[in-house]
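This report refers to the structure that appears directly beneath it.
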Amino acid sequence: VYHMHVFVLILLVHCTISEEDNDEDVKMEDVDDDDDTTSISIVPDPYDMVYSKLPTNTHKLKSVEDCKHCYAKKFERESMGFCCRKGKIKLANPNTPPELMRLWTSADSDSRYFCDNIRFFNGHFSFTSLYCHLYSDTTNISKHPIYTFRAHGQMYHNIRSFGKQDGLDRSHLELYFYDDDPSLEHRYRSCRKEQCQKDKEVITQLVNILHGNPYSEHLRSMGHVDDVDDYHITLNLDQRMDQRRYNTPTTSEVAAVWVEGSERQRQFENSVILQGNNRDIYGIKSYHGCYDALSYPLFFPRGELGWHTDIPKEGVPYEAVMAARAARLARGHNNRSSNPSGGRLCVSMRDYYCYKFQMHPGIFNPILFGKRLFQQFADKIRADLYQGLVDSLHAGEGRADSVGKRTVLATSFIGGP
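FYI, in mature numbering (1 follows the signal peptide of the UniProt record, and there is no 0) the residues of the sequence shown are -18 to -1, 1 to 399.
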């Protein structure tokens, strides 16, 4: 009996200790869980400081009523007469081929490639060549380690006669001679090696689109002659149409092709004659009506006229402009870069391009989709002020006055001053 009581006592003590241990284990586990939860909640989010600096409200530009005269989209602080001189300027709307419009606006792969390389494609199809004086300090590798194309002074667009010259491939307007050739090998030679197939696809589309260009129609006829040395092409530099109604010239209004020995009377008042037996260069001036169409065929695919000195303002009869022009020439004023009667009767260059660069509802304007081609001669582009802003915020920069500051590299770095 004694031994039995001792055994029962030991068993009770053991069970009590086991229960206490179990309770303690459970309590420890509960504490551990609570500790883990607490430790997770108190760890600071490294991006809290970044996001705390972001504005909570979206800033929207103040809504401004569209122009009452030309319905152009207006922005805050823009003067009311900036777009059309309060209805005094009115020009014909652009007429862009549907396929070219697709290249400008679509999200297709060929469209994106076309827009990303727009300067290459416009240069390839341009009828003129670009001439300028290069800034030697940035184009001389021995002086500047990073080559930078920087023009110094005036930019020129020239057109060259199409005489043969050994060692030189045909370029610019001469390429149009052979655009009826389905192989288009003359075009494909300029494709870049690393992007050859993509270049070919877009070039093929552009050749078909520009078949309706009046300059292209004239030049393609030269591809079927036996000897181009006997031929002359006369380009009309001053096509004069009432651009308030239309600005797309016909083939006979832009140029004429004739053979040596069959000279006709002077067909155009102001023109240049391109010949097949020389390589003479002629300048196309900004006040020539064909300047835009010859230099930017992707903006003006139908050969549309650009600015010239005799575009009437709204309400001014075209005959009055022609009479003023005749009187000006009779007095010996033949300076076409400026028009003495422009302020009263005609559209100035500034007013012309102010109107052209506007956004009009329901009207497609290819110039505004030109990206780098539209911006290539802009001396101040403000978009670079916003580059890297998001990166600075994610990097933890909390002071707005420190974001966007330029850092000048030391002379020991490549590209440093």
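Just so you know, even glycine gets a beta-carbon here, dropped at the ideal spot from N, CA and C.
Top-ranked residue by Cα proximity to Thr233, from Pro196, Gly352, Arg171, Ile349: Numbered from 1 along the sequence shown, position 251 holds the residue referred to as residue 233. The closest CA to that of Thr233, considering only Pro196, Gly352, Arg171, Ile349, is found on Pro196.
Gln225 - DSSP class collapsed to helix/strand/coil: Here the question's residue 225 lines up with position 243 in the sequence shown. Gln225 falls in the coil class under three-state DSSP.
Residue range of the unbroken alpha helix (DSSP H) whose run includes Tyr213: In the sequence shown, counting from the first residue as 1, residue 213 sits at position 231. First-last for Tyr213: 213 to 218, but that is the beta strand (DSSP E), not the alpha helix (DSSP H).
Sequence-distant residues of the same chain with beta carbon closer than 6 Å to Asp161, five excluded per side: Indexing the sequence shown from 1 puts residue 161 at position 179. The beta carbon of Asp161 sits closer than 6 Å to those of Val189, Arg202, all from its chain and outside the five residues before and after it, given in chain order.
Distance CB(Ala54)-CB(Gln340) smaller than 7 Å: Position 72 of the sequence shown, counted from the first residue, corresponds to residue 54. Position 358 of the sequence shown, counted from the first residue, corresponds to residue 340. Closer than 7 Å, so yes.
Beta-carbon proximity list for Leu192, same chain, < 7 Å, skipping 5 on both sides: As a first step, residue 192 is located in the sequence shown; it is residue number 210 there, counting from the start. Non-local C-beta neighbours of Leu192 in its own chain, meaning closer than 7 Å and more than five positions away in sequence, comprise Phe107, Ser198, Pro279, Pro283, ordered along the chain.
Sub-7 Å separation of Leu155 and Phe109 beta-carbons: Taking the sequence shown and counting its residues from 1, the one referred to as residue 155 is at position 173. Taking the sequence shown and counting its residues from 1, the one referred to as residue 109 is at position 127. Yes.
Ordered list of alpha helix (DSSP H) runs contained in the region 87 to 112, each at least 4 residues: Fully enclosed alpha helix (DSSP H) runs of 4 or longer: 91 to 98, 100 to 107.
At least 3 beta-carbon pairs within less than 8 Å: the region 206 to 219 vs the region 291 to 308: Not touching, per the Cβ criterion.
Rounded separation between Asp27 and Ser34 - CA only: Against the sequence shown, residue 27 aligns to sequence position 45. Against the sequence shown, residue 34 aligns to sequence position 52. Inter-residue distance for Asp27 and Ser34 is about 11 Å (C-alpha atoms, whole angstroms).
Rounded straight-line distance, which links the Cα of Pro164 to that of Tyr158: Mapped onto the sequence shown, residue 158 falls at position 176. Mapped onto the sequence shown, residue 164 falls at position 182. C-alpha of Tyr158 to C-alpha of Pro164: approximately 13 Å in a straight line.
Alpha-carbon to alpha-carbon, Lys44 and Glu58: For the purposes of this step, residue 58 is taken as residue 76 along the sequence shown, with counting starting at 1. For the purposes of this step, residue 44 is taken as residue 62 along the sequence shown, with counting starting at 1. Approximately 6 Å between the Cα atoms of the pair.
Per-residue DSSP class, three states only, for Gly63: By 1-based counting over the sequence shown, the position of residue 63 is 81. In this structure, Gly63 counts as coil in the three-state DSSP scheme.
Inter-residue Cα distance where the pair is Val184 and Pro79: Along the sequence shown, read from residue 1 onward, the residue named residue 184 stands at position 202. Along the sequence shown, read from residue 1 onward, the residue named residue 79 stands at position 97. Val184 and Pro79: Cα-Cα distance of roughly 15 Å.
Cutoff 6 Å; reference Cys66; Cβ partners in own chain excluding five residues on either side: As a first step, residue 66 is located in the sequence shown; it is residue number 84 there, counting from the start. Around Cys66: His51, Cys52, Tyr337.
For Ile185, three-class secondary structure by DSSP: For the purposes of this step, residue 185 is taken as the residue at position 203 of the sequence shown. Correct three-state label for Ile185: helix.
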